[in-house]
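Below you'll find the structure, written out as structure tokens, and then a few comments.
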Amino acid sequence: MANWCSNTVVFEGTPEAITAIQELFQSMKEKEEKTEEGQLPEFMEDTNGGYFFNIYWNEGDEGQFQYETKWSPNIEIIQKIAEYYQVDFVQDYEEMGNLVYGRATYRDGILSDIFLGDDDFEAYEQDEETDLYHFEGEEYESDYEILETLLERKIVTL
1 MANWCSNTVV
11 FEGTPEAITA
21 IQELFQSMKE
31 KEEKTEEGQL
41 PEFMEDTNGG
51 YFFNIYWNEG
61 DEGQFQYETK
71 WSPNIEIIQK
81 IAEYYQVDFV
91 QDYEEMGNLV
101 YGRATYRDGI
111 LSDIFLGDDD
121 FEAYEQDEET
131 DLYHFEGEEY
141 ESDYEILETL
151 LERKIVTL
């Protein structure tokens, strides 16, 4: 069984393009609920990967979606959607079972994908007895704040 990668994508563009993307995701969500299968946009070839599962968004969040993919993020599919609708995007993704954590950004036709590597995950440790994480002399109840700090440092240095 696949590990699930959690994705959040925010599209940025004209109101008309964002409305069209909202309709696309609504359509894929409805089709997934009927077929109980992952979905791709209808204008895209079936590439044997990158399918959207469990699509959802919060009421009022125009152009922002959460969904799952198998194993890894579907950055290539999101880029094709952005190109089709002529918009930009920021996609945050994580699949902690395989230490996948990063952010893909697409602006003005340029894609960048910044992610954590093994050395980043080795920069902190968990105390099994207290269930606290130790990083740079500080204690944390969750590793998410640590991971976000490490990712932000990589983003800033580029």
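Residue numbers (full-length UniProt numbering): 1 to 158. All C-beta atoms, glycine included, are put in the ideal place defined by N, C-alpha and C. In this text, all values refer to a predicted model and were calculated from it rather than measured experimentally.
Along the UniProt domain "YubB ferredoxin-like" (52-136), the beta strand (DSSP E) occurs as fully enclosed runs of 3 or more residues at 53-56, 64-70, 88-95, 100-107, 110-115, 125-127, 132-135, listed in sequence order. The residue among E30, P41, E32 with its C-alpha nearest the C-alpha of I81 is P41. Judged by their CB atoms, P73 and Y51 are not nearer to each other than the 7 angstroms cut-off. Of the residues assessed, V156 falls on the exposed side of the cut-off, its CB having fewer than 16 other CB atoms within 10 angstroms.
Cβ neighbours of D143 within its own chain (closer than 6 angstroms, five residues either side excluded): Y133. Per DSSP, the beta bridge partners of E12 are D88. Residue pairing by DSSP puts S6 in a beta bridge opposite E68, E94.
Residue pairing by DSSP places Y140 opposite Y133 in a beta bridge. Q39 is bridged by DSSP to F52. In the structure shown, the three-state DSSP call for T47 is coil. 7 angstroms or more divides the Cβ of Y101 from the Cβ of N7. Here R103 is buried: its Cβ has 16 or more other Cβ atoms, across all protein chains shown, within 10 Å.
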